[in-house]
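One line per chain: the protein sequences are A, B and C, in this order.
Each residue of the first sequence is one higher than the last, beginning at 1 in the numbering used here.
Each residue of the second sequence is one higher than the last, beginning at 1001 in the numbering used here.
Each residue of the third sequence is one higher than the last, beginning at 2001 in the numbering used here.
Below: the structure, in structure tokens.
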Amino acid sequence: MLERAFKGSKGYWVWLVALLAVIGVGFGFYLRQLTFGLGITGMSRDVSWGFYIAQFTFLVGVAASAVMLVIPYYLHDYKKFGRITVLGEFLAVASVIMCLLFIIVDLGQPMRLFNVLIHPTPNSMLFWDMIVLNGYLFLNILIGWNVLEAEKNSVPPPQWVKPLIYISIPWAISIHTVTAFLYCGLPGRGFWLTAILAPRFLASAFAAGPAFLILLAFIVRRFARYDAGRDQIQTMAKIVTYGAIANVFFFLCEVFVALYSQIPGHTAHLQYLFFGLHGHGVLVPWMWTSIFLMLAAIILLVIPSARRNEAVLGVACVAIFVGIWIDKGLGMISGGFIPNPLHHVKEYVPTIPEIAITVAVYAAGFLILTILYKVVVGVKQEVGE
Amino acid sequence: MKDKGKIIVGLVIFVVVLTFPFWYNHGVATQAPEPELTKKAKKADKCVEETAYMRKEHMQILDKWRDTVVRDGKRMYVNANGKEYMASLSNTCIDCHSNKEEFCDKCHDYASVEPYCWDCHTYPEEKE
Amino acid sequence: MDDTRRSFLKFAGISALGLGSVSTLASLMPGSATASDESSAPHYKETKKALTAKRWGMVIDTRKLTPRLCEKMIEACHKAHNVPDHDNERHTVKWIWTDEFEHIFPMKQNEYLAERLKGLPIVSLCNQCNNPPCVQACPTKATFQREDGIVMMDFHRCIGCRFCMAACPYGSRSFNFRDPRPAIEEENDDFPTRMRGVVEKCNFCAERLAEGKMPACVEVSEGALVFGDLEDPNSEIRKVLRENYVIQRKQNLGTNPSVYYII
Ligand code: SF4
Ligand code: SF4
Ligand code: SF4
């Protein structure tokens, strides 16, 4: 099937070459990071995780959200999603690969990565995160590929795929739960120390992931002339709506607990993010933009006539995606480190090399995504869907 | 398979690239170097274990030493003859083998291995 | 069986099983036990001079601290352990440093703080927690707790994921954002430097204890720091603890620091 990825229009090749160029630039910076050390980033003793880990967190969500297509199709027998579940699964594959790349670029000693396996440490959440992420990657490759192959040959998928699909559902939930556990189990980091972190991660994932898929569906329709289907897109729009509302609700719950209890260790971080603390507040405009985008998108999405208009839906999806990206990809990680445990405010701003490496990892993800989608669309068009 | 030709050409290029180091070094086989001993090392005659063993297994011993020292806090090594040594690269090994370049690097360079001991541990040349 | 092999088996096992206790598997392998029939088999032991304890601890008497004394302790520690001094603030590495009362004890600040404490530098170092969250978080056991309570770093094993830094509630850990060597003024050959990409922190001078010496900071502290075995009722540190009211940092987090402060 993969041979379909090697035949494409000029635009397809230009896109791939452009992605490779971006990867090349980022790789150059990464070599510099390898020789000099993580000092080329904006991270510090006080904000010891930055952009990389934040993107990782965000993308685990995108990966987990594939389950929002799998559940309706396989558990509720919502046949229409048959056209797009594979798209969701392959988006998950590309996202998990990006997650793993982000973990690797964040390591100070990447050559020693396998120490995690040589000295397995079950009391560390990072150990479990490795297991669930790799497992999820494996499951989705296996499921997506076999289902697609079967579709190509117009036969039902092999029997043994079914149990894997059922396993993949709780597994998807687990990847984002364990990722939240990385943070919410740490004493002394008041911002993350909340039981609602995992649910909130999942809610924002189920908004951002399908929103992104809707946008991808528009792109695929435009450039590859494959239509995911109007009904399918509308159903996903509803999922996005529920996810976005749940996310804002969970967030408000958190804000209430922090502000009403007025425990300094919990309020300080929110104060830093939304109002600035001791005269520092680089993230303040970003955080308000995020809130504004999410609320505006929710308003657009809950109005049925607006949601049904695909142009409006597109705008709302962009707003959701960007809003949640700011929340998780910018505020969530550095917000937890500021102020630091000794209540000093040491801010974090990513550097240009750091951003170049980040963009390169995204480009690698898009490269994988493009190739996989090319194959999917090729197969789908062949069997005449 | 229309692309058979292309695939074969691709495969051949791949194999050639992959085996390039072997081709490149073909016929220029060099003599394996002999590590040089300092006076002190010669005088001691024997290392912490038999020479043959040390040649083959010094990395395992060092690995074991560092784990035992760092993780178990046991800093003395007692060899089969009951002789005691501080299990320390910088203080015990380098005390005799103070000629890192002729002793360590010679073989390591030949075998293209780059142990990262010296990123953290000191050796005499550096001491000035 | 040699060690590489055992590690490899562990590795292969974990890859095959995905998860589960592989060390049991390795221990079932024939020959993995050390040959014990020869009494003269090579073995390891502690140095004779070594100072030992059931649980090392420290009391910091803030009444005796002065800026000059703190400087001395910091210098002694950082010299002994090749702690670099980088120009860029973001790359800072420190094992022991000073801060003000309200930062060392953020939960204990109040408007009417005693005059004496205002602006007084108080030393801060790793608390050698008895229930250390950094150890719990580390995915490779590069941070581990010794029998005697010392929370140690194995620089050889650390992958630089910085999970331990997020887990430590006291900001006791530093990361080598770059090669530390150029920033070390005068290298001490008795202690290794670190390389870029690993985490480091105070080790309660484990290497000095092995040689029968007190920690470097304690040695120069003119009595402001008392170091000893918390589980030995006859030790000096226990005497000090009996006679004074002491506090621990962020006690409510359950980490149970082994460093106590007399205010
Ligand atoms: S103070 Fe921090 S680094 Fe030290 S033992 Fe406690 S948690 Fe670990
Ligand atoms: S940075 Fe090193 S010591 Fe810290 S958690 Fe990671 S592997 Fe363990
Ligand atoms: S106990 Fe040793 S390592 Fe810790 S601060 Fe004091 S001198 Fe430094």
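Just so it is clear, CB atoms sit at the ideal spot from N, CA and C, and this is done for glycine as well.
When the Cα atoms are used, what is the spatial distance from residue 2016 of chain C to residue 124 of chain A? On the third sequence, residue 2016 of chain C is found 16 positions in, with the first residue counted as 1. On the first sequence, residue 124 of chain A is found 124 positions in, with the first residue counted as 1. With a pLDDT of 46 at residue 2016 of chain C, under the threshold of 50, the modelled position of that residue is not reliable, and no figure is offered here.
Cβ of residue 2163 of chain C versus every heavy atom of ligand 2: is any distance shorter than 7 Å? Position 163 of the third sequence holds residue 2163 of chain C. True, at least one ligand heavy atom lies under 7 Å from that Cβ.
Cβ neighbour criterion (16 or more within 10 Å) applied to residue 1043 of chain B: The residue you call residue 1043 of chain B lines up with position 43 of the second sequence. Flag for residue 1043 of chain B reads exposed.
Cβ of residue 2096 of chain C within 8 Å of Cβ of residue 2074 of chain C? Position 96 of the third sequence, counted from the first residue, corresponds to residue 2096 of chain C. Position 74 of the third sequence, counted from the first residue, corresponds to residue 2074 of chain C. A contact, by the Cβ cut-off of 8 Å.
Name the DSSP beta bridge partners of residue 2059 of chain C, please? Residue mapping note: residue 2059 of chain C aligns to position 59 of the third sequence, counting from 1. Beta-bridge pairing links residue 2059 of chain C to C/2226 and C/2260.
Shorter than 7 Å, the distance from the beta carbon of residue 187 of chain A to the closest heavy atom of ligand 3, or not? Translated into the one-based positions of the first sequence, residue 187 of chain A becomes position 187. For ligand 3, not one heavy atom lies less than 7 Å from the Cβ of residue 187 of chain A.
Spell out whether any CB of chain A is found under 8 Å from the CB atom of residue 2193 of chain C. Position 193 of the third sequence, counted from the first residue, corresponds to residue 2193 of chain C. So, not an interface residue.
Which residues does DSSP list as the beta-bridge partners of residue 277 of chain A? Taking the first sequence and counting its residues from 1, the one referred to as residue 277 of chain A is at position 277. Residue 277 of chain A is bridged to A/280.
For residue 2252 of chain C, count neighbouring C-beta atoms within 10 Å of its own C-beta (all shown protein chains included) and say buried if the count is 16 or more, exposed if not. Start at 1 with the first residue of the third sequence, and residue 2252 of chain C comes out as number 252. Burial call: exposed.
Evaluate residue 129 of chain A with the Cβ neighbour count: other Cβ atoms within 10 Å of its Cβ, from every protein chain shown; 16 or more gives buried, anything less gives exposed. Here residue 129 of chain A corresponds to residue number 129 of the first sequence, with the count starting at 1. With 16 or more Cβ atoms within 10 Å of its Cβ, residue 129 of chain A is classed as buried.
Environment of residue 211 of chain A [buried if 16+ CB atoms lie within 10 Å]: Within the first sequence, residue 211 of chain A is the residue found at index 211, counting from 1. Buried.
Along the chain, where does the beta strand (DSSP E) containing residue 2097 of chain C start, and where does it finish? Your numbering for residue 2097 of chain C matches position 97 in the third sequence. From DSSP, the beta strand (DSSP E) with residue 2097 of chain C extends over 2096-2099.
Looking at C-alpha atoms only, which residue of C/2208, C/2140, C/2128 and C/2119 is the closest neighbour of residue 118 of chain A? By one-based count along the first sequence, residue 118 of chain A stands at place 118. Cα-wise, what sits closest to residue 118 of chain A is C/2140.
Whole-Å CB distance - residue 296 of chain A paired with residue 311 of chain A, under 8 Å assumed: Residue numbering aside, residue 296 of chain A sits at position 296 when the first sequence is read from its first letter. Residue numbering aside, residue 311 of chain A sits at position 311 when the first sequence is read from its first letter. Going by Cβ atoms, the distance from residue 296 of chain A to residue 311 of chain A rounds to 15 Å, so no, they are not a contact pair.
Chain C partners of residue 116 of chain A, CB-CB under 8 Å? By one-based count along the first sequence, residue 116 of chain A stands at place 116. In chain order: 2139, 2140 and 2159.
With three or more beta-carbon pairs closer than 8 Å as the criterion, would you say the stretch 91-101 of chain A touches the stretch 189-207 of chain A? no
Helix, strand or coil at residue 315 of chain A [DSSP, three-state]: Your numbering for residue 315 of chain A matches position 315 in the first sequence. Helix at residue 315 of chain A.
Tell me whether residue 1 of chain A sits in a helix, a strand or coil according to DSSP, three-state version. Numbered from 1 along the first sequence, position 1 holds the residue referred to as residue 1 of chain A. Of the three classes helix, strand and coil, the one that applies to residue 1 of chain A here is coil, per DSSP.
Would a check of beta-carbon distances place residue 2183 of chain C closer than 8 Å to chain A? Walking along the third sequence from the start, residue 2183 of chain C turns up at place 183. Closer than 8 Å: no.
Among A/190, A/163 and A/175, which has the Cα closest to the Cα of residue 261 of chain A? Walking along the first sequence from the start, residue 261 of chain A turns up at place 261. Closest in alpha carbon position to residue 261 of chain A, among A/190, A/163 and A/175, is A/190.
How do the stretch 82-91 of chain A and the stretch 55-70 of chain A stand: do at least 3 beta-carbon pairs fall below 8 Å, yes or no? yes
With three or more beta-carbon pairs closer than 8 Å as the criterion, would you say the stretch 27-35 of chain A touches the stretch 171-189 of chain A? no
List the whole-angstrom C-beta distance separating residue 1117 of chain B from residue 2155 of chain C, where the pair is believed to meet the contact cut-off of C-beta under 8 Å. Working through the second sequence from its first residue, we reach residue 1117 of chain B at position 117. Working through the third sequence from its first residue, we reach residue 2155 of chain C at position 155. Actually they do not touch by this definition, with Cβ atoms about 12 Å apart.
Smallest Cα separation from residue 2203 of chain C: which of B/1071, B/1100, B/1113 and B/1077? As a working note, residue 2203 of chain C is residue 203 in the third sequence. Ranking the options by Cα distance to residue 2203 of chain C, first place goes to B/1071.
Using the beta-carbon count (16 or more within 10 Å), is residue 278 of chain A buried or exposed? Here residue 278 of chain A refers to the residue found at position 278 when the first sequence is read from its first residue. Counting Cβ neighbours within 10 Å, residue 278 of chain A comes out exposed, since fewer than 16 surround it.
Between residue 363 of chain A and ligand 2, is the CB less than 7 Å from at least one heavy atom? Counting from 1 along the first sequence, the entry for residue 363 of chain A is found at position 363. No, the beta carbon of residue 363 of chain A sits no closer than 7 Å to any heavy atom of ligand 2.
Can you find a CB in chain A that lies within less than 8 Å of the CB of residue 2189 of chain C? Start at 1 with the first residue of the third sequence, and residue 2189 of chain C comes out as number 189. By this cut-off, residue 2189 of chain C is not an interface position.
Thinking C-beta only, is residue 2193 of chain C closer than 8 Å to residue 2186 of chain C? Sequence index remark: in the third sequence, residue 2186 of chain C carries index 186 (1-based). Sequence index remark: in the third sequence, residue 2193 of chain C carries index 193 (1-based). Contact: no.
Can you say whether residue 1089 of chain B is buried or exposed, counting buried as having 16 or more other CB atoms within 10 angstroms of its CB? Mapped onto the second sequence, residue 1089 of chain B falls at position 89. Counting Cβ neighbours within 10 Å, residue 1089 of chain B comes out buried, since at least 16 surround it.
Whose C-alpha, out of C/2041, C/2052 and C/2066, is nearest the C-alpha of residue 2222 of chain C? Counted from its first residue, the third sequence places residue 2222 of chain C at position 222. Looking at the Cα atoms, C/2066 is the closest of the given residues.
What residues are listed by DSSP as bridge partners for residue 2145 of chain C? Here residue 2145 of chain C refers to the residue found at position 145 when the third sequence is read from its first residue. Paired residues: C/2151.
Comparing the C-beta of residue 2178 of chain C with each C-beta of chain A, is any distance below 8 Å? Within the third sequence, numbered from 1, the residue matching residue 2178 of chain C stands at position 178. It does: the Cβ of residue 2178 of chain C has a partner Cβ on chain A nearer than 8 Å.
For chain A, find out if any of its Cβ atoms is closer than 8 Å to the Cβ of residue 2197 of chain C; answer yes or no. Numbered from 1 along the third sequence, position 197 holds the residue referred to as residue 2197 of chain C. So yes, residue 2197 of chain C belongs to the interface.
Under the rule that 16 or more other beta-carbon atoms within 10 Å means buried, what is residue 2092 of chain C, buried or exposed? By 1-based counting over the third sequence, the position of residue 2092 of chain C is 92. Residue environment analysis places residue 2092 of chain C among the buried positions, since at least 16 neighbouring C-beta atoms fall within 10 angstroms of its C-beta.
Interface partners of residue 1054 of chain B on chain C, CB under 8 Å: Start at 1 with the first residue of the second sequence, and residue 1054 of chain B comes out as number 54. Correct list: empty, because the minimum Cβ distance to chain C is about 13 Å.
At what residue ranges does the stretch 308-370 of chain A contain a whole run of the alpha helix (DSSP H), taking only runs of 4 or more? 310-324 and 332-337
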